Amino acid sequence: MTIREILKMGDPRLLKTAQPVSSQMFGSQELKQLIEDMLDTMRANDGVGLAAPQIGVDLQVVLFGFDESERYPDNLAIPQTVLINPVIKPLDSNLEEGWEGCLSVPGLRGMVPRWARIRYEGVDVDGVLIVREVDDFHARVVQHECDHLYGTLYPMRIKDFSHFGFVDALFAEQAEAKSIPLE
Ligand code: NI
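Mapping of the sequence shown onto the working numbering: position 139 corresponds to residue 135, and the numbering continues sequentially without gaps.
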């Protein structure tokens, strides 16, 4: 079990476009070890997703997953997924605003517009194709994670900066709203 350090916003490594994983790496011990470290790191920080660049690894690897919980009652479960070399396409032009947090931007939350419905494609650790059409929170999490592969952090997508701030200040009067999942 290896919990890796998560880079914070301001680190130039978070602003790069990550390299695609080559097919020779699929199924390799190196790739499996990276994914294990990412899972350990995500869970240790109570995240619902993590991208390889957040631990300083320059590869197009993201993982995400979310069990329905009392802690975050407003969000539906997302299957635990490792997604490599992902591609996202919106299914229509509808955008939805929603709160986001990020393990690389600790203590803050912001309201971010995202595609409401997307199709995403990628491969798993063994190179097996994954194709899904999703909406709502699942679509939001995938867009957030894949943004990390192109050097975009969620604050860069905020349109209304009156809905961006420290979680304790933003939700001082609504205890339940503090439970916005990170990532
Ligand atoms: Ni993030």
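Heads up, the beta-carbon is just placed ideally off N, CA and C, and yes, glycines get one too.
All of these numbers come straight from a predicted model, not from anything done at the bench.
Restricting to Cα atoms, I'd like to know which of the options is closest to residue i.
i, options, result
"R105", "E26, I176, D156", "I176"
"G118", "E129, R110, P109", "E129"
"R136", "G147, E26, L91, G23", "L91"
"F22", "Y150, V124, F160, H159", "V124"
"V78", "I84, L87, G52, A47", "A47"
"A112", "Q139, I126, L145", "Q139"
"I80", "K28, L11, E93, F133", "K28"
"Q56", "E32, N71, T13, G97", "T13"
"V163", "N41, E96, D42, L87", "E96"
"P75", "L59, P69, K85", "L59"
"M152", "M(-3), D33, L11", "L11"
"T(-2)", "E32, Q20, L87", "E32"
"S18", "L87, D54, H159", "D54"
"P82", "T148, D143, D42", "D143"
Report the CB separation of residue i from residue j in whole angstroms; it is logged as a contact under 8 angstroms.
i, j, result
"E141", "E179", "7 angstroms"
"I154", "V108", "6 angstroms"
"I114", "D120", "Going by Cβ atoms, the distance from I114 to D120 rounds to 18 angstroms, so no, they are not a contact pair."
"N71", "F133", "5 angstroms"
Do you know offhand how far residue i's Cα is from residue j's?
i, j, result
"Q15", "D122", "18 angstroms"
"D156", "Q25", "44 angstroms"
"E1", "I51", "6 angstroms"
"A165", "R9", "29 angstroms"
"L145", "D63", "24 angstroms"
"D7", "P49", "10 angstroms"
"R39", "L30", "14 angstroms"
"G161", "K85", "29 angstroms"
"E93", "Y68", "17 angstroms"
"G43", "L99", "7 angstroms"
"L149", "M5", "8 angstroms"
"M34", "N41", "11 angstroms"
"D36", "S65", "19 angstroms"
"Y116", "G147", "19 angstroms"
"L87", "R110", "12 angstroms"
"G45", "H159", "22 angstroms"
"A73", "Q20", "32 angstroms"
"S189", "L3", "Since the first residue shown for the chain is -3 and the last is 179, residue 189 is missing from the structure and cannot be characterised."
"D212", "G61", "For residue 212 there is no data in the structure shown, the boundaries of the chain being -3 and 179."
Discussion item. Any residue with its Cβ nearer than 5 angstroms to a heavy atom of the ligand NI should be included. What is that list in chain order?
Written reply: Result: C98, E179.
Fill in: Runs of alpha helix (DSSP H) wholly within the region 30 to 92 (minimum 4 residues, chain order)
none
Discussion item. In chain order, what are the residue ranges of uninterrupted beta strand (DSSP E) at least 3 long that sit wholly in the region 108 to 157?
Written reply: 113 to 119, 125 to 131
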